[in-house]
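Taking it in order: structure first as structure tokens, then the write-up.
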Amino acid sequence: MYYLAKFFELIGISVITYSFYIYFPNPMTYELLIYGSSFFIAGWIIEKFLLKG
-9 MYYLAKFFEL IGISVITYSF YIYFPNPMTY ELLIYGSSFF IAGWIIEKFL
41 LKG
């Protein structure tokens, strides 16, 4: 479960970074920002609340 949480966080950061570099002169689209943020927050929630120990 720990690796799943870290994988979700990695996907979220990767999506945000990728969209930042692709759309650099213009702001990134809200869809990609929401996708990246939701993956990162899902991984953070798994790590923070489900893996208490």
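First residue of the sequence shown: -9, per the working numbering; consecutive thereafter.
Heads up, the beta-carbon is just placed ideally off N, CA and C, and yes, glycines get one too.
Query	Result
Rounded straight-line distance, which links the Cα of Gly2 to that of Leu22	9 Å
Straight-line gap, Gly26 to Ile6 (C-alpha atoms, nearest Å)	5 Å
First through last residue of the alpha helix (DSSP H) which encompasses Glu(-1)	-8 to 12
Test item: CB-CB of Phe30 and Glu(-1) under 8 Å	yes
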